[in-house]
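Written below as structure tokens is the structure these notes are about.
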Amino acid sequence: STIDLSRTESSTKNETKVVVHRQTGKIADYIEIDYNDLEIYDKCGRGSFGTVYRGLWKSRNKIVAIKKLLQLENE
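In the working numbering, the protein residues as written are 63 to 137.
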């Protein structure tokens with residue numbers, strides 16, 4: 063799974079929701095998770111759009127790639 067921090071939303075409780083892009087075959091699914099449900103580890107790489115980190119999706123106990131786009135890195 064890739065967690066894309068470019069697609070975040072703030073709720074009324076000042077909690078951030080993160081949209082998860084999961085590609086299964088030719089269909090991409092998007093689901094929302096709380097940003098606090100992520101633990102960001104080390105940087106895996108960097109490209110023209112942003113940086114990719116290895117992280118943990120805590121509630122699922124699953125290692126995931128977390129993509130942070132350049133626009134958000136500058137904020």
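Heads up, the beta-carbon is just placed ideally off N, CA and C, and yes, glycines get one too.
Please read these numbers as outputs of a predicted model, since none were measured by experiment.
Close-in-space but distant-in-sequence residues of the same chain around residue i (CB under 6 angstroms, 5 per side omitted)
i           : result
residue 116 : 103, 104, 106
Extent of the continuous beta strand (DSSP E) run through residue i
i           : result
residue 124 : 124-131
residue 115 : 112-119
Residues near residue i by beta carbon distance below 8 angstroms, same chain, minus five either side
i           : result
residue 118 : 100, 101, 103, 124, 125, 126
Cross-strand partners of residue i (DSSP beta bridge)
i           : result
residue 99  : DSSP lists no partner for residue 99.
residue 107 : 114
Rounded separation between residue i and residue j - CA only
i          : j           : result
residue 98 : residue 133 : 21 angstroms
Same chain, Cβ closer than 7 angstroms to residue i, neighbours up to 5 away in sequence not counted
i           : result
residue 121 : 99
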